[in-house]
Amino acid sequence: AAALILFASTMNAWQTGFWDITNSTYTTTIITMAILMKLGAAPVHLWYPEVLQGTTLNTALLISTWQKLAPLSLLYMMYPNLPNNLLLLTGLLSALLGGWAGLNQTQTRKIMAHSSIAHMGWILVALNTTPELTTLTLLIYMITTTAMFSSLNTFATKTITDMGTAWSSSPMAMTLTLLTLTSLGGLPPLTGFMPKLLILNDLTMKPLLPLATTLALASLPSLFFYIRMAHTTTLTTPPTTTNIEHKWRFNATPLSAHTATTAMALLLMPLSPTLHMTI
Numbered sequence: 556a557a558a559l560i561l562f563a564s565t566m567n568a569w570q571t572g573f574w575d576i577t578n579s580t581y582t583t584t585i586i587t588m589a590i591l592m593k594l595g596a597a598p599v600h601l602w603y604p605e606v607l608q609g610t611t612l613n614t615a616l617l618i619s620t621w622q623k624l625a626p627l628s629l630l631y632m633m634y635p636n637l638p639n640n641l642l643l644l645t646g647l648l649s650a651l652l653g654g655w656a657g658l659n660q661t662q663t664r665k666i667m668a669h670s671s672i673a674h675m676g677w678i679l680v681a682l683n684t685t686p687e688l689t690t691l692t693l694l695i696y697m698i699t700t701t702a703m704f705s706s707l708n709t710f711a712t713k714t715i716t717d718m719g720t721a722w723s724s725s726p727m728a729m730t731l732t733l734l735t736l737t738s739l740g741g742l743p744p745l746t747g748f749m750p751k752l753l754i755l756n757d758l759t760m761k762p763l764l765p766l767a768t769t770l771a772l773a774s775l776p777s778l779f780f781y782i783r784m785a786h787t788t789t790l791t792t793p794p795t796t797t798n799i800e801h802k803w804r805f806n807a808t809p810l811s812a813h814t815a816t817t818a819m820a821l822l823l824m825p826l827s828p829t830l831h832m833t834i
């Protein structure tokens with residue numbers, strides 16, 4: 556990706572004599588594809604799930620959230636000159652492939668990677684149609700993803716089976732984790748429904764109704780594997796066979812950051828009009 560950016564910038568300077576990368580359509584397209592590769596958007600996303608699977612949960616959190624800021628800032632600065640059809644096609648492909656590819660996964664990090672790819676699709680569509688929604692969509696994505704990774708890191712859950720065994724240590728925390736999963740899927744009245752509602756409303760107000768319908772249908776596979784994780788967690792919960800009041804192993808104290816992000820990931824839906832008008 557970095558080599559493509561340098562190549563496009565050098566070719567543009569050689570042809571035009573200026574370092575302004577938006578003068579040529581070809582260089583803008585090449586740089587856009589390089590930035591999309593850094594974002595892990597389809598169809599240049601194959602590196603992303605494998606990298607997340609090979610890292611720790613904390614590193615995967617940084618790759619899924621903090622690393623997205625710089626590429627998206629570049630896209631936002633290049634917005635007037637971006638190839639609209641390329642962004643819409645990439646966003647639609649990301650939403651479709653992120654949902655379908657995550658159906659067969661059992662590792663939580665790969666599931667979160669495909670979830671990130673699907674969310675990048677929604678962000679790219681919002682950037683192309685209504686740039687004002689991009690910031691709000693990215694903010695909510697970072698909040699919900701941080702809450703989910705914090706929960707996975709707290710209980711050291713690397714597979715779906717681990718989520719069932721973690722239930723006995725803290726049922727309330729795991730219940731909030733399952734609610735965070737449904738928020739990631741975009742179920743109302745949770746926070747994750749807010750950006751999808753606003754983006755779909757904006758697409759239907761413009762002559763992009765087929766795109767809005769396809770995006771809404773593309774979110775169903777993602778919602779399915781979120782609900783599958785919740786369903787599997789509840790089914791594989793081990794029975795509580797102890798009768799003593801105090802266990803020999805005390806529950807871990809939840810982190811304040813985890814509590815704050817989980818609360819925001821679940822309860823920001825009533826603030827949708829205010830956030831939409833201010834951000």
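Residues in the sequence shown are numbered from 556 upward in steps of one, following my numbering.
In this text, a Cβ means the ideal position worked out from N, Cα and C, and glycines have one as well.
On a predicted model such as this, the values are computed, not experimentally measured, just so you know.
Residue i in three-state terms, based on DSSP
i      : result
Thr610 : coil
Thr620 : coil
Thr714 : strand
Gln660 : coil
Trp677 : helix
Ala597 : coil
Thr817 : helix
Ala539 : Here the chain comprises residues numbered 556 to 834, so residue 539 is not present and cannot be evaluated.
Leu637 : coil
Leu823 : coil
Ala556 : coil
Trp569 : helix
Ser579 : coil
Ala563 : helix
Trp574 : coil
Thr685 : coil
Ile698 : helix
Phe805 : With a pLDDT of 48 at Phe805, under the threshold of 50, the predicted position of this residue should be treated as unreliable, though the coordinate-derived value follows. Of the three classes helix, strand and coil, the one that applies to Phe805 here is coil, per DSSP.
Contact belief for residue i with residue j at Cβ below 8 Å, rounded distance in angstroms
i      : j      : result
Leu784 : Ile695 : Reading off the sequence shown, one finds Met at residue 784, where the question assumed Leu. That pair is no contact at about 20 Å.
Gly653 : Ala625 : Between Ala625 and Gly653 the Cβ distance is about 21 Å, and since that is not below 8 Å, they are no contact.
Asn683 : Asn613 : At roughly 32 Å, the Cβ-Cβ gap does not stay under 8 Å, so Asn683 and Asn613 are not in contact.
Phe780 : Leu658 : 5 Å
Ala728 : Ser706 : 7 Å
Ile698 : Ala615 : Between Ala615 and Ile698 the Cβ distance is about 16 Å, and since that is not below 8 Å, they are no contact.
Thr817 : Thr730 : Not quite, the Cβ-Cβ distance comes to about 11 Å (not below 8 Å), so this is no contact.
Ala558 : Lys593 : That pair is no contact at about 12 Å.
Thr587 : Leu651 : Not really, about 19 Å apart at Cβ, beyond 8 Å.
Thr584 : Met566 : Actually they are not in contact, since the Cβ atoms of Thr584 and Met566 sit about 12 Å apart, beyond 8 Å.
Ala596 : Gly676 : 7 Å
Ile576 : Leu630 : About 12 Å; that fails the 8 Å criterion.
Leu733 : Thr787 : Their Cβ separation, rounded to whole angstroms, is 11 Å, which puts Leu733 and Thr787 out of contact at 8 Å.
Thr759 : Met824 : Not quite, the Cβ-Cβ distance comes to about 20 Å (not below 8 Å), so this is no contact.
Leu879 : Asp757 : Outside the modelled stretch of the chain, which goes from 556 to 834, sits residue 879, for which no answer is possible.
Cβ neighbour criterion (16 or more within 10 Å) applied to residue i
i      : result
Ser649 : buried
Lys761 : exposed
Gly572 : exposed
Leu601 : exposed
Trp574 : exposed
Trp569 : exposed
Ala702 : buried
Met764 : The question names Met, but residue 764 is Leu in the sequence shown. Answer is exposed; the Cβ neighbour count stays below 16.
Ser628 : exposed
Pro776 : buried
Gly609 : exposed
Leu826 : exposed
Thr712 : buried
Thr700 : buried
Thr580 : exposed
Exercise. Should the region 599-609 be called in touch with the region 667-677, which here means at least 3 C-beta pairs below 8 Å?
Worked result: A contact is defined here as three or more CB-CB pairs under 8 Å, and the region 599-609 meets this definition with respect to the region 667-677.
Problem set entry | Touch test, the region 737-745 against the region 611-630, Cβ-Cβ under 8 Å, three pairs minimum | They do not touch, by the three-pair rule.
Problem set entry | Sufficient close CB pairs (3 or more, under 8 Å) joining the region 629-642 to the region 750-765 | Under the three-pair Cβ rule at 8 Å, the region 629-642 does not count as touching the region 750-765.
For this session: Kindly confirm or deny that the region 639-657 and the region 768-780 touch, where touching means at least three C-beta pairs closer than 8 Å.
Result: Short answer: they touch.
Exercise. Of all the alpha helix (DSSP H) runs that stay within the bounds of the region 706-766, which reach a length of 4 or more residues?
Worked result: Counting whole runs of 4 or more residues, the region 706-766 contains the alpha helix (DSSP H) stretches 715-721, 726-740 and 748-760.
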